[in-house]
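Heads up, the sequence shown stops at 1535 in this note's numbering, and the numbers go up one at a time, no gaps. Every residue gets a Cβ at the ideal spot worked out from N, C-alpha and C, and that includes glycine.
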Amino acid sequence: MIKINIFFTAFLITLFAFGKSLSQDWFNYSDEEWFFSVNFPNEPEIEEIIYASEWGGFYPGRVYTAEHNNHFYSLTAVNYNLDESVAYSQLSDVLGTDDYPGLAIYDRKGSIAYAASNIRSRGVDITHDAWGHINFINGHQLHTINADNSISHIGIYFHSNQDNINNNYLYILEGRSPEGYPPSFFNQSLEFLDENGKSIRYTGVDSSVRQR
């Protein structure tokens, strides 16, 4: 029993040291223009993208990426506030009209499910695939084992700020690490911000009442 306790204590010390080594360089990165903050191990690179939605819309987005000790972290933010006439303009030749009633609503409501389906289509082994939330903001979480045996923890969230109808954003986070080393606390560090840069938390699931 003494030997077991000594081994277990040594294991905890090693685990603590490993976690500390991963987290000591991390900092809270905030982008108030895109209404989020998240922990990164170093200053992320930012790429402007056009995100293709399920219903044929094209929305502006940004991809934030950082690497640290062979671990890869990314956050994709998509701005779903673009006017329908602009977002779905490429459908006019197909539909023969410039009127797209409801498409933006369909895309917003289905954005989490669509992003999750894109993850599943990678041809990865899925070890976790379930609903989740951060601060009672609905989302979906997936854990995958990739073709190179790396591990990905993925979180997908869509936030519509009840106080601002022009604040609709999709966030896709992915922490990817080498075989045998699960990603750290990257996904759980996500915070949703209001127009004043303050963190948002609701009183419960599907509630529009904010605790802060």
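Integer Cβ distance of residue i from residue j, believed to fall under 8 Å
| i | j | result |
| --- | --- | --- |
| ASP1348 | ASN1365 | 7 Å |
| HIS1463 | TRP1454 | 6 Å |
| TYR1403 | ASN1491 | 4 Å |
Classification of residue i by the beta-carbon crowding that lies within 10 angstroms, buried from 16 upward
| i | result |
| --- | --- |
| ASN1392 | exposed |
| ILE1372 | exposed |
| GLY1527 | exposed |
| SER1473 | buried |
| PHE1508 | exposed |
| PRO1424 | exposed |
| VAL1409 | exposed |
| PHE1358 | buried |
For residue i, three-class secondary structure by DSSP
| i | result |
| --- | --- |
| ILE1523 | coil |
| ARG1445 | coil |
| LEU1345 | The pLDDT assigned to LEU1345 is 48, lower than 50, so where the model puts this residue is not dependable, and the model offers no usable value. |
| SER1360 | strand |
| ALA1438 | helix |
Cβ-heavy atom distance, residue i to the ligand MN, below 6 Å
| i | result |
| --- | --- |
| LEU1513 | Absence of the ligand MN from the depicted structure is noted, as is the absence of any ligand whatsoever, leaving it without description. |
Should the stretch 1495-1504 be called in touch with the stretch 1514-1528, which here means at least 3 C-beta pairs below 8 Å? no
Of all the alpha helix (DSSP H) runs that stay within the bounds of the stretch 1383-1427, which reach a length of 4 or more residues? 1407-1410, 1415-1418
Contact the stretch 1387-1407 vs the stretch 1492-1502: 3+ CB pairs below 8 Å: yes
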